[in-house]
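Per my numbering, the very first residue in the sequence shown carries number 0; after that it's consecutive.
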Amino acid sequence: MRITGIGLCLSLSLCLCAACSHTPDHQGKTPLVETKGRFLYREDLQAALPAGLTTDDSLLFADRYVRRWIEETLLYEKAKENIPDNAAIERQVENYRRTLILHTYRQALIHQKLADNVGEEEVEAYYHSHAGLFRVESPLVKGLFIKVPLKAPQLSEVRRWYKSDSHEAVEHLEKYSLRNAVKYEYFYDKWRPVSEVFAWMPRQEGIAAENRLQGNRHIELQDTAFHYFLHITDYRAAGEEEPYEIARVRARELLLNERQAAFLKQADEDLYREAIENDEVKYYQ
């Protein structure tokens with residue numbers, strides 16, 4: 000069959016148009032790799048690249064990222080070919096999409112409508128009214144510790160100073176520690192785990208750290224090289240009420256969570272009531 004000049008031009012035009020219709024729209028992005036009609040773009044790779052990598056590490060990360068993308072894309076396409084009924088998956092995808100949209104919207108509502116600046120008095124009141132939620136898991140102490148060589152001077156004064164809570168005694172110890180102490184820790188104003196404090200001292204076989212503190216607030220030990228002095232000003236055993244300065248952050252988080260839950264519940268109820276009033280809900284029997 001002969002094709003006239005006009006027919007040939009028309010056929011070429013149709014072919015060109017068909018080719019144009021299959022040109023992918025990269026939306027301004029720069030393609031790096033293509034497989035099975037899917038593209039990995041330079042911009043996506045750059046967004047995934049961790050900050051602070053050296054040039055060599057960046058190249059290594061890029062090679063692994065591209066390889067993983069190709070493998071996952073090929074596996075995904077192969078999986079689609081071998082799973083004939085996607086209805087269940089589509090339902091799961093739709094349920095996940097619905098959950099994600101609801102979560103995003105609720106978080107936006109909280110951000111827009113609910114202030115997160117909880118006052119200190121409110122946090123402290125919540126802490127006291129929910130005391131059962133805040134319990135010490137591992138024993139805590141406040142106090143003072145000093146470690147000095149066996150032949151350090153003024154040991155009799157050190158024994159007197161470390162047992163006193165007075166400002167004068169602490170001042171003496173601080174000055175003394177600058178010249179003679181191997182380690183000096185002042186933690187009258189900060190709770191520390193008993194395990195951490197007793198790690199500074201020689202271990203006594205068969206005696207747990209908690210047992211050493213039973214009725215004993217002044218502990219002096221020594222080994223072949225050092226004297227160890229520990230003065231305990233406050234102690235909280237496991238199971239006792241957690242100090243507010245430690246529980247404060249968690250108390251604030253719990254208070255905020257309760258407020259957010261109450262706010263979202265009220266928002267749901269308001270939306271339901273409004274729909275009922277506007278006759279937007281119909282029950283069928």
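C-beta atoms are modelled at their ideal positions from N, C-alpha and C, and glycine is treated no differently.
Ile-145 is the residue among Ile-145, Pro-201, Glu-80 whose C-alpha sits nearest the C-alpha of Val-181.
Annotation note: the region 104-134 contains the following uninterrupted alpha helix (DSSP H) runs of length 4 or greater, listed N- to C-terminal: 119-128.
Under the three-state reduction of DSSP output, Trp-68 falls in the helix class. Annotation: the continuous alpha helix (DSSP H) that includes Ile-245 extends over 243-276. Cβ atoms of Tyr-161 and Leu-154 stay farther apart than 8 Å, at about 11 Å.
Residue state for Val-32 is assigned as strand, using DSSP reduced to three classes. Under the 10 Å beta carbon count, Arg-235 is surrounded by 16 or more other beta carbons and is classified as buried. A contact between stretches requires three or more CB pairs, one per stretch, nearer than 8 Å, and the region 101-108 fails this requirement with the region 188-195.
Ranked by how close their Cα comes to the Cα of Arg-67, the residues Thr-34, Arg-247, Val-147 have Thr-34 in first place. Assignment of alpha helix (DSSP H) within the region 135-174, counting only whole runs of 4 or more residues, yields 154-160 in chain order. Just so you know, the alpha carbons of Glu-123 and Lys-77 end up roughly 58 Å apart.
Excluding five sequence positions before and after Thr-232, the CB atoms of its chain that fall closer than 7 Å to its own CB belong to Lys-141, Gly-142, Asp-164, Tyr-187, given in chain order.
Taken through DSSP and simplified to helix, strand or coil, Asp-62 comes out as helix. If you look at Glu-184, you'll find it in the beta strand (DSSP E) that goes 182-192.
Val-280 and Leu-270 have their C-alpha atoms spaced approximately 11 Å apart. Taking the CA atoms as reference points, Ala-130 sits about 50 Å from Ala-86. When DSSP states are grouped into helix, strand and coil, Leu-48 belongs to the coil group. DSSP places Ile-82 outside both helix and strand once states are collapsed to three, so it counts as coil. Minimum Cα-Cα distance from Ala-47 among the listed residues Gln-265, Ala-61, Arg-37, Phe-133 corresponds to Ala-61. DSSP, reduced to helix, strand and coil, places Asp-233 within a strand of the structure shown. Shown here, Arg-37 sits in a strand according to DSSP, grouped into three states.
Residue pairing by DSSP places Tyr-227 opposite Lys-146, Leu-220 in a beta bridge. In this structure, Thr-53 sits away from Tyr-40, with a CB-CB distance that is not shorter than 8 Å.
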